[in-house]
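Quick note: the sequence shown uses the numbering used here, first residue 645, plus one each step.
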Amino acid sequence: MPTPGPSAPFPATRFRRLRRTEALRRLVRETSLSPADLIWPVFVMEGEDAETPIPSMPGVARLTIDRVVGAAREAVELGIPAICLFPYIEPELKTEGCEEAWNPDNLSNRAVRAIKAAVPEIAVMTDVALDPYNANGHDGIVKDGVVLNDETVEALVKMALAQAEAGADILGPSDMMDGRIGAIRRALEAAGHKDVTIMSYAAKYASAFYGPFRDAVGASGALKGDKKTYQIDPANSDEALRCVARDIAEGADMVMVKPGMPYLDMVARVREAFAVPTFAYQVSGEYAMLMAAAQNGWLDGEKVMMESLLAFKRAGCDGILTYFAPRAARLMARGG
Ligand code: PBG
Numbered sequence: 645m646p647t648p649g650p651s652a653p654f655p656a657t658r659f660r661r662l663r664r665t666e667a668l669r670r671l672v673r674e675t676s677l678s679p680a681d682l683i684w685p686v687f688v689m690e691g692e693d694a695e696t697p698i699p700s701m702p703g704v705a706r707l708t709i710d711r712v713v714g715a716a717r718e719a720v721e722l723g724i725p726a727i728c729l730f731p732y733i734e735p736e737l738k739t740e741g742c743e744e745a746w747n748p749d750n751l752s753n754r755a756v757r758a759i760k761a762a763v764p765e766i767a768v769m770t771d772v773a774l775d776p777y778n779a780n781g782h783d784g785i786v787k788d789g790v791v792l793n794d795e796t797v798e799a800l801v802k803m804a805l806a807q808a809e810a811g812a813d814i815l816g817p818s819d820m821m822d823g824r825i826g827a828i829r830r831a832l833e834a835a836g837h838k839d840v841t842i843m844s845y846a847a848k849y850a851s852a853f854y855g856p857f858r859d860a861v862g863a864s865g866a867l868k869g870d871k872k873t874y875q876i877d878p879a880n881s882d883e884a885l886r887c888v889a890r891d892i893a894e895g896a897d898m899v900m901v902k903p904g905m906p907y908l909d910m911v912a913r914v915r916e917a918f919a920v921p922t923f924a925y926q927v928s929g930e931y932a933m934l935m936a937a938a939q940n941g942w943l944d945g946e947k948v949m950m951e952s953l954l955a956f957k958r959a960g961c962d963g964i965l966t967y968f969a970p971r972a973a974r975l976m977a978r979g980g
């Protein structure tokens with residue numbers, strides 16, 4: 645970068661020239677946001693034509709399958725390419741062995757089939773982790789207080805195959821067990837699901853920002869202890885890069901950083917280091933923070949929503965999982 649010499653006029657550079665009008669600002673804008681950048685996470689519950697609001701996530705509700713199909717239709721109309729399903733599993737179906745997770749007719753798999761039948765053009769993403777089905781709320785099988793890695797991977801493979809069989813386009817392993825991407829990829833190939841994509845939750849941190857989500861899927865009460873033995877320590881950066889490298893080597897097509905806003909440094913590092921499709925999850929706690937401040941009149945809700953989403957793009961994201969997806973897309977459709 646040239647530095648001004650002693651004879652240069654003052655000020656050497658007037659950055660404000662290009663900020664003077666909206667037309668000039670648009671002309672030099674480096675980053676853009678479109679509905680195509682968004683993945684809409686949706687909570688699914690049993691029942692018909694009903695929804696249950698989630699108090700810690702204002703504006704978000706658990707939806708019955710018929711309403712999730714409606715959400716998928718709305719997503720397509722808004723130009724949102726993908727929706728991501730998270731099931732609310734009734735307490736009586738939660739077991740220590742998590743068997744419901746690979747039931748071909750479980751809630752999530754029925755929802756996938758219903759969406760693909762009614763709205764085939766949308767990409768459906770599913771969550772590969774045991775927590776909604778686990779009596780103790782953990783992402784893996786627990787024995788004597790320890791989350792077992794290899795036994796969990798075996799269960800995740802069964803779960804992933806059932807989801808692929810149901811028609812999921814994108815599998816999202818969010819469990820953070822070691823070796824699960826490779827095991828799932830091999831099983832998919834062997835079963836003839838060669839084109840099912842994997843978006844690995846590769847840099848997933850042991851974060852306190854997931855609180856409202858655990859309410860939404862009914863895992864909060866069940867969870868014993870924390871997830872620090874499998875999710876990444878928020879203090880670590882290089883370790884997360886090694887996790888991403890490993891998951892790409894094992895067969896992930898896309899990778900994710902999670903949470904989002906407090907971890908944009910990781911988005912930038914991952915993008916720079918690997919140049920693979922990179923996503924971030926603006927998680928439930930980030931959504932709750934912005935909504936709470938907006939509802940109190942402390943922040944302009946629409947403006948911080950759009951600014952936060954643009955920041956993900958600027959950091960290097962190809963796309964963002966966000967509960968704001970339909971609202972942001974509607975705003976963009978109106979030219980906002
Ligand atoms: C669990 C899972 C979590 C989220 C997505 N998948 C929570 C956790 O790891 O405890 C969090 C998403 C959010 O907070 O919005 N497999």
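Note that beta-carbon positions come from the ideal geometry of N, C-alpha and C, so glycine has one too.
All of these numbers come straight from a predicted model, not from anything done at the bench.
By DSSP's assignment, residue 887 forms no beta bridge with any residue. Take the alpha-carbon of residue 926 and the one of residue 771: they are about 16 Å apart. Distance from the Cα of residue 814 is smallest, within the candidate group 683, 675, 958, 954, for 683. For residue 780, the number of other beta carbons within 10 angstroms of its own is at least 16, and it is reported as buried.
Bridge partners of residue 711 according to DSSP: none are assigned. Looking only at 687, 710, 678, the smallest Cα-Cα distance to residue 693 is reached by 710.
Residue 731: member of the beta strand (DSSP E) spanning 726-731, first to last residue. In the same chain as residue 808, and ignoring 5 residues on each side of it, the C-beta atoms closer than 8 Å to its own belong to 815, 832, 835, 837, 840, in chain order. For residue 654, no beta strand (DSSP E) run applies, since DSSP gives it neither H nor E. Selection 822, 722, 695, 810 evaluated against residue 886 yields 822 as nearest (Cα-Cα). Segment contact: the segment 928-936 against the segment 654-665, fewer than three CB-CB distances shorter than 8 Å; contact not assigned.
With a cut-off of 8 Å on Cβ pairs, the segment 706-723 is not in contact with the segment 735-748, counting fewer than three such pairs. The residue among 846, 805, 812, 829 with its C-alpha nearest the C-alpha of residue 820 is 846.
By the CB criterion at 8 Å, residue 696 and residue 958 fall outside the cutoff. The straight-line gap separating the alpha-carbon atoms of residue 784 and residue 773 is approximately 7 Å. Relative to the ligand PBG, the beta carbon of residue 726 is positioned no closer than 7 Å to any heavy atom. Taking a cut-off of 8 Å on C-beta distances, the segment 727-734 touches the segment 861-874, as three or more cross pairs fall below it. Within the chosen limit of 7 Å, the ligand PBG reaches the beta carbon of residue 927 through at least one heavy atom.
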